[in-house]
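Everything below concerns the one structure shown next.
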Amino acid sequence: MSGLDDAKDVILEAAVVVTDMQLTVLERLERVVFQSDETLAAMHPWCIEHHGESGLTQACRNGEPLEKVETDLLALLARHWPENEMAVLAGNSVGTDRRFLMRWMPRLGARLHYRVLDVSSFKIVFKERFGILFDKAEAHRAVADIDESIAELGHYLKHIRVEP
678 MSGLDDAKDV ILEAAVVVTD MQLTVLERLE RVVFQSDETL AAMHPWCIEH HGESGLTQAC
738 RNGEPLEKVE TDLLALLARH WPENEMAVLA GNSVGTDRRF LMRWMPRLGA RLHYRVLDVS
798 SFKIVFKERF GILFDKAEAH RAVADIDESI AELGHYLKHI RVEP
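Here it is as structure tokens:
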């Protein structure tokens, strides 16, 4: 994202990683969204610095139209969820992601369940209650962040014991 305000900032890249309940990756897709130099220059200063360092800013100059990216992501969802089933958005602090999807990719947003799996909630409980931490690289690229969220959730889940 070019910032955190979905009313004025835009989506720079999007990714989906579909897993089963054991967190085994079934399919993944990542796309960079085209943005003009004017839009990229107007990004939040944090984004200018970090997306410049990661190469995302340059990649956006050669990205795909937002509508095509949304269509590609919808096609992936259709391969895993029937039209009458909603996909669950999961990851770290996904409330912001959801707002951006509802604003900028409304067809995709409409395919998402109202419930989310926010790994950040696990982070809070496991850190504060049990002192269990997860060391993150925080690459701030879509698919890398998703992969890291999957690994983080797996880290917390391995500490849960269920009695038969």
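The opening residue of the sequence shown carries number 678 in our numbering; numbering runs sequentially from there.
We put the beta carbon where it would ideally sit given N, CA and C, even for glycine.
Cβ distance (whole Å) where residue i is taken to contact residue j below 8 angstroms
| i | j | result |
| --- | --- | --- |
| G680 | M720 | 6 angstroms |
| R775 | L785 | Between L785 and R775 the Cβ distance is about 10 angstroms, and since that is not below 8 angstroms, they are no contact. |
| H836 | I809 | 6 angstroms |
| L753 | F799 | Not quite, the Cβ-Cβ distance comes to about 25 angstroms (not below 8 angstroms), so this is no contact. |
| I823 | A718 | Incorrect: roughly 27 angstroms between the Cβ atoms, too far for contact. |
| V746 | G768 | Not really, about 17 angstroms apart at Cβ, beyond 8 angstroms. |
| L789 | M763 | 6 angstroms |
| H727 | H817 | 5 angstroms |
| H832 | F811 | 5 angstroms |
Per DSSP, the bridge partner or partners of residue i
| i | result |
| --- | --- |
| G732 | According to DSSP, G732 bridges with nothing at all. |
| T696 | V702 |
| E707 | A692 |
| E744 | According to DSSP, E744 bridges with nothing at all. |
Burial state of residue i, where buried means 16 or more other Cβ atoms lie within 10 Å
| i | result |
| --- | --- |
| M678 | buried |
| Q712 | buried |
| E825 | buried |
| A819 | buried |
| F777 | buried |
| L750 | buried |
| L854 | What the structure shows of the chain is the stretch from 678 to 841, and residue 854 is not part of that stretch, so it cannot be assessed. |
| W781 | buried |
| T734 | buried |
| D714 | exposed |
| D682 | exposed |
| L839 | Looking at the sequence provided, one finds Val at residue 839 rather than Leu. Label assigned to V839: exposed. |
| D697 | exposed |
Which runs of the alpha helix (DSSP H) fall wholly inside the stretch 749–837 and span at least 4 residues, in chain order? 771–781, 783–786, 796–807 and 819–834
So does the stretch 682–691 actually touch the stretch 699–713, counting three or more Cβ pairs closer than 8 angstroms? Yes, since at least three Cβ pairs between the stretch 682–691 and the stretch 699–713 fall closer than 8 angstroms, the two stretches touch.
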